[in-house]
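Structure first, commentary second.
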Amino acid sequence: MPVTNSNGSENLDESNKSSTSTKDENGYSKDAAPSIDFLKDERSSMTYGRRIALSLMNQKWYNPQVEVKDGVEIDGSARTGQSGNPNTVVAKPSLEKAWAYFEHFALSRYLIDETADSSDRKRAEPGENDVPTRLYSPIRLPHAQLGDFGIGIGLYFSTLRLILFLAVLCGLISIANIHFFASSSYQSPSNRDSIFPSLVQGSAICTETNWVACPSCECASDDRVTAHTLRRQDILPTSRCQVREVDGNLLTYVLKNECGDIPIYVGMINYATIILFFLVTYVYLGIFLKQQETQFDEDEQTAQDYSIQVENPPDSATDPEEWHRFFKDNFGAHATVVTCAVENDLLLHTLVERRECLRNIELMLEPGESNDELNIARKAALIERDRSFFATMLALVSKGIPEYYSRMVSLSAKVKGLAQLSYPCTNVFVTFETETAQRDVLEKMSVGIVQAEKNIKTAVADPKYLFRGEHVLYVSEPEEPSTIRWQDLNVTQLQRIKSITATGAVTFVGIVVVFIAVSAADNVSLVAGAYTITAFNVAFPILAKALTNSEPHPSESDFQTSLYFKISFFRWVNTAIVITIVTPFTNTLLGEGGLITKVYQQFFSEIVVSTALQLTDIMGHVNRHIMAPRATCQDAMNLLFKGTQWSLAERYTDMTKILFLCVWYCSIFPGAYLMCAVSLFLKYYTDKFSLLRTWERAPHLGNAIAWISHGVFFPLALVATAIMSSYYWAGFPYDNLCPVGPLEDASYGGSSFTVDGNLEEFNDAFEYEYCRQNFFGRGGIFPFVSQIRKGGAKWMTDDQELITSIFGWSSVVFSALVLIKFLIAWVKVYRALQSSSYKAVGADKQIAFSTLDEIVGYIPQISSELFSFPLIACISEEVDPELYEWNDPDKPYVYYDLTEDARKLLLGSPFDYKDGFSRIQHYSPYREPLRVENLTSSVKPIDLIVTDDGEWNSVIAPIDA
């Protein structure tokens, strides 16, 4: 009787059936039985979640599988309703194995070496079972080792730490401004103490106000007038403007802010923080990133350090042997691994979708139910025939077996056509045995993109470097193997531009919708507006990821970059800019419901709510402790232990949005620097904890986002800081009132009047008129200096005019510097198109590639949320198992091999399915390369047999045996 595989059903593909290996007593494959039993980890080394699960797993309420017998034999004829079907033995899913999978495959571990220093621990491969490993400690892991998780991740934490120090320094400098705004020099202690919460008492919030006469002022007719209307019209909101009829005369009273004038030193302190921000982000950050990148690169040797990528090989250059000889003959370099990638993107997309359809069907079948095509077809027909009208409508939004099977049939036909085609070679990845060889090749074959496209042979230093004597190759250092998106490797720039433009438009529409929603929530209450902004900051990345997933990107870095721009633009607008837009100008210094209080609520939400949500990892615990124990098969259970999805782009935008919020309001809320520092401090350690305990394992990303942040975000943030500080200093006292002279209208006699039933004091000493203090409103012009303001500046003190002049013209200078920085970057890009000059990063460590603890090849693989491990997009039998970065203890690599699906579908046809896939060859310097054709020429297959334990196995024997 056949035994089902770990998904609870027999495999549809013959290749999967024939390659299933026998299991040991722990359920592991005997062919890959671990020398270290993951189920016997020391309890003290386990996560607390695993300890809790193990202590509760015998309780039925926690683990319903506890009463399910293992190895139950199911009557095949009774199950399918058809006679002649074999009985099946079903192995129940193991919660112990799922937790072992979580800690040994999903989470990061290091190799235990008692002789090594704690700062020099080596990161273990997923599922490492030859050497003892241990989970990293979120507290004791040194910062210098964060680069082991990928240079991009290391640079993120380095940037985060640098910006944290910057925020602390700026916060300490701003203490003097906090003291001024909290002192009696700005407003009386009684008014200051009325401000809530107390943390904003050191801000520019002004509660010291008086009603004054303004005969020429016009009040808004509606008490819910919008900030947009107030910017366009010379009117005041009803909260600050009242009209009373006295003896037949209509008298207008307006609310004036009476807080103290801003002295020059307050503005200069704020200016000092901007200069410090400029020095750190504009001048020092680039140097710092280069130093950190070099340190991380030298600390961790990876395949990228030994590899090159040929981006324009001849169409027919699909033989790894030819490339191996080319580099050996012309450079004396030993190419250890060669991967020839072909333009089969559409075939790969189709195969992945087909495999995912089958996977969804398997997860919907009953335990032990066969997944052969006839049974699935019969099952689909029965379900569709017996569906109610409601079930039919539900199937339109939630697919069932009939829908997945129908789609799978269509995809199978498509694969049959695509797999018959031959595809040109488009990229070649070559991993040399030494870093010296890699750097030598990159230096000698360095040419510009245009030179390579036009095949300008004179661009090559030596004619022998021409491939086949005539092709100018464009060679570059590739990204890490795990970051290559093989299904989109051959996308054209035009295709990317079209898709990014379309998704960018959707992002813009989303921002508009969010703006409307935040405005509506802000009208309800201050807290509602703040939490709405936080909710959208959490929810929008989901939409952004869906949009970015629809875009074709050849690498994970390109994917993350596109995602970074979408989320960054949204979060900057949603977190900082929207608040400014929806808040009326005269509410800037208001206490409750004012602009500064809203900013404080944003910081509080980020510090408390966001941190709590991330640390609690609610959905992760639900998956592992509630959903997983109720999974019907081992694979379904393991999928719930993959870890929480995350992206480096989202983490960068989370950091930059907090900094952006801080610098946008730092002039009127100097305490924002300290709140920013607290938020970034928590983010550093919560992200570090999540990286090691809750997040799924990420690919080894490069430095792309770090340098984009350096080249785009921080310069824009610098400009925003200078411009907004200039704007805020120019706006004091934010009441749109200018003095005219002594009040001479006798109709305003009396010292008080009533507003909403409350008796309000009236200052009858001076008369005022409406004057627009908002430089963003009608009549405003950049730069925000009084000398070029239309109509002049009648409300500013001498110190204030000097402050605004300094900030205004400085903002022009900073904007010019940033523009120059962008122009220099564009010039460099243009030069790279015309010619190239390779520069190595870090020192050559003189370590052979084959001697590394972890050697990884450029193996075409595609990640899927429905599989615990990547799907292989090349012929797995031709790949040395040593080159994989992972190892499934339950299934052989051929189970994940997409080429086997194509082989099965073309079975019996004269077409060779191998022509449709990339090829990879390992030329180990210590042994002869393993060649499948050589192996199969000396052996002959024997028919599939069923072993005593019920497993299907293919047996081969020597011809002369």
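Mapping of the sequence shown onto our numbering: residues -12 to 948, in sequence order.
Glycine residues also receive a C-beta, built at the ideal position from the N, C-alpha and C atoms.
Since we're looking at a predicted model, the values are computed, not measured.
Assigned exposure category for residue i - 16 Cβ within 10 Å defines buried
i: residue 926; result: Caution is warranted here: a pLDDT of 36 is assigned to residue 926, below 50, making its placement in the model unreliable, and the coordinate value is therefore given only provisionally. So residue 926 counts as exposed.
i: residue 215; result: exposed
i: residue 324; result: buried
i: residue 184; result: exposed
i: residue 503; result: exposed
i: residue 253; result: buried
i: residue 46; result: exposed
i: residue 482; result: exposed
i: residue 760; result: buried
i: residue 296; result: buried
i: residue 677; result: buried
i: residue 337; result: buried
i: residue 813; result: exposed
i: residue 661; result: buried
i: residue 583; result: buried
i: residue 576; result: buried
i: residue 708; result: buried
i: residue 332; result: buried
Coil, strand or helix - residue i by DSSP
i: residue 32; result: helix
i: residue 135; result: helix
i: residue 227; result: coil
i: residue 685; result: coil
i: residue 880; result: helix
i: residue 910; result: coil
i: residue 362; result: helix
i: residue 206; result: strand
i: residue 755; result: strand
i: residue 628; result: coil
i: residue 216; result: helix
i: residue 178; result: helix
i: residue 458; result: strand
i: residue 477; result: coil
i: residue 194; result: coil
i: residue 655; result: coil
i: residue 324; result: strand
i: residue 110; result: strand
i: residue 45; result: coil
i: residue 128; result: coil
i: residue 861; result: strand
Integer-rounded CB distance, given that residue j should sit under 8 Å from residue i
i: residue 417; j: residue 434; result: Incorrect: roughly 17 Å between the Cβ atoms, too far for contact.
i: residue 151; j: residue 667; result: 4 Å
i: residue 696; j: residue 146; result: 7 Å
i: residue 258; j: residue 793; result: 6 Å
i: residue 470; j: residue 542; result: 5 Å
i: residue 578; j: residue 192; result: 5 Å
Cβ-based neighbour list, residue i, same chain, cut-off 8 Å, excluding 5 preceding and 5 following
i: residue 195; result: 174, 175, 178, 244, 245 and 246
i: residue 781; result: 725, 726 and 758
i: residue 909; result: 323, 324, 844, 866, 867, 869, 870, 916 and 917
i: residue 211; result: 510
i: residue 554; result: 527, 528, 531, 636, 637 and 640
Bridge partners - residue i, DSSP secondary structure assignment
i: residue 98; result: 120
i: residue 356; result: For residue 356, which the question treats as bridged, DSSP gives no partner whatsoever.
i: residue 535; result: Residue 535 pairs with nothing; no bridge assigned.
i: residue 749; result: 198
i: residue 294; result: 418
i: residue 728; result: 754
i: residue 240; result: 200 and 229
i: residue 650; result: Beta-bridge pairing links residue 650 to no other residue.
Neighbourhood of residue i by C-beta, 6 Å cutoff - its chain only, sequence neighbours within 5 removed
i: residue 959; result: Past the edges of the chain, shown from -12 to 948, lies residue 959, and the structure says nothing about it.
i: residue 652; result: 586 and 659
i: residue -6; result: Bear in mind that a pLDDT of 39 at residue -6, under 50, signals an unreliable position, so the model cannot answer this.
i: residue 240; result: 198 and 229
i: residue 898; result: 407
i: residue 802; result: 706
7 Å CB neighbourhood of residue i in its chain, flanking five on each side removed
i: residue 730; result: 200, 751, 752, 753 and 754
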